[in-house]
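Protein chains in written order, with our numbering: chain A, 2 to 106; chain B, 2 to 106.
Right under this line is the structure:
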């Protein structure tokens with residue numbers, strides 16, 4: 002089996018699910034902050050409902066975050082947290098990013 | 002004028018032109034390596050002609066790189082280099098990335 006890639010550049014190894022800017026922000030918040038509400042993510046990241054939802058779906062589909070719907074009295078509350086797989090993927094991403102920064106410094 | 006953004010997350014401030022993985026690789030190579038040939042970029046980054054071309058167009062449109070077509074004898078040669086604006090944008094991007102990494106460490 003031949004390959005046209007003689008050298009894979011380090012940036013190509015960055016997880017594309019995490020690399021997207023909004024998702025990078027979401028993952029940083031969830032890995033750092035435990036359980037976070039939809040509205041808190043929305044406020045911090047300055048995203049629309051639709052946009053935040055789309056990014057959360059991508060992260061959920063990759064198994065990086067989990068969603069829990071709760072009721073506080075009658076008030077619905079949707080919270081998110083990073084899964085173990087998500088924490089591992091995020092740490093791996095950050096490691097590669099640091100390697101990249103080192104390689105260019 | 003009101004705004005829904007109460008806090009702009011640091012990842013939102015990352016230059017989206019540079020943040021894309023392939024373009025990040027291209028900029029890192031050009032800022033670090035001076036003038037680089039199309040074929041050398043292609044080899045190092047493992048991209049197809051079409052894909053590399055599309056990313057180079059985006060960077061050129063932003064004024065971050067410049068293209069020069071030369072002939073070595075009869076052989077055409079297309080080289081790219083980062084512009085001053087591109088170098089500044091790349092350094093600014095890297096600064097913000099480092100700030101982001103510091104903020105989560």
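No residue lacks a Cβ here, since even glycine has one placed at the ideal position from N, Cα and C.
Supposed close pair residue i, residue j - CB separation, criterion 8 Å
{"i": "residue 36 of chain B", "j": "residue 92 of chain B", "result": "In fact, because the Cβ distance is near 19 Å, the residues do not count as touching under 8 Å."}
{"i": "residue 20 of chain B", "j": "residue 22 of chain A", "result": "6 Å"}
{"i": "residue 26 of chain B", "j": "residue 13 of chain A", "result": "7 Å"}
{"i": "residue 66 of chain A", "j": "residue 84 of chain A", "result": "6 Å"}
{"i": "residue 98 of chain A", "j": "residue 31 of chain B", "result": "Residue 98 of chain A to residue 31 of chain B, Cβ: 19 Å. No contact."}
Residue-chain proximity (residue i, chain A), Cβ-Cβ < 9 Å
{"i": "residue 102 of chain B", "result": "yes"}
{"i": "residue 18 of chain B", "result": "no"}
{"i": "residue 12 of chain B", "result": "yes"}
{"i": "residue 23 of chain B", "result": "yes"}
{"i": "residue 88 of chain B", "result": "no"}
{"i": "residue 59 of chain B", "result": "no"}
{"i": "residue 26 of chain B", "result": "yes"}
{"i": "residue 33 of chain B", "result": "yes"}
{"i": "residue 55 of chain B", "result": "no"}
{"i": "residue 63 of chain B", "result": "no"}
{"i": "residue 6 of chain B", "result": "Annotation note: pLDDT 39 at residue 6 of chain B (below 50); position unreliable, coordinate value reported separately. Cβ-Cβ to chain A under 9 Å: yes for residue 6 of chain B."}
{"i": "residue 95 of chain B", "result": "yes"}
Cβ of residue i within 9 Å of any chain B Cβ
{"i": "residue 82 of chain A", "result": "no"}
{"i": "residue 45 of chain A", "result": "yes"}
{"i": "residue 99 of chain A", "result": "yes"}
{"i": "residue 73 of chain A", "result": "no"}
{"i": "residue 105 of chain A", "result": "yes"}
{"i": "residue 3 of chain A", "result": "A caution first: residue 3 of chain A carries a pLDDT of 38, below 50, which makes its placement in the model unreliable, though a value can still be read off. No, residue 3 of chain A lies away from the interface with chain B (no Cβ there is under 9 Å from its Cβ)."}
Residue(s) in a DSSP beta bridge with residue i
{"i": "residue 79 of chain B", "result": "B:70"}
{"i": "residue 37 of chain B", "result": "B:81"}
Nearest candidate by alpha-carbon position, reference residue i, set the options
{"i": "residue 77 of chain B", "options": "B:25, B:38, B:26 and B:17", "result": "B:38"}
{"i": "residue 16 of chain B", "options": "B:34, B:89, B:47 and B:103", "result": "B:89"}
{"i": "residue 28 of chain B", "options": "B:71, B:57, B:10 and B:51", "result": "B:57"}
{"i": "residue 18 of chain B", "options": "B:59, B:47 and B:49", "result": "B:59"}
{"i": "residue 105 of chain B", "options": "A:105, A:94, A:103 and A:50", "result": "A:94"}
{"i": "residue 10 of chain A", "options": "B:42, B:11, B:32 and B:34", "result": "B:42"}
{"i": "residue 64 of chain B", "options": "B:75, B:45 and B:86", "result": "B:86"}
{"i": "residue 70 of chain B", "options": "B:47, B:46, B:40 and B:55", "result": "B:40"}
{"i": "residue 68 of chain B", "options": "B:54, B:44 and B:96", "result": "B:54"}
Cutoff 9 Å: residue i Cβ touching any chain C Cβ
{"i": "residue 75 of chain A", "result": "Any reference to chain C falls outside this structure, whose protein chains are A and B."}
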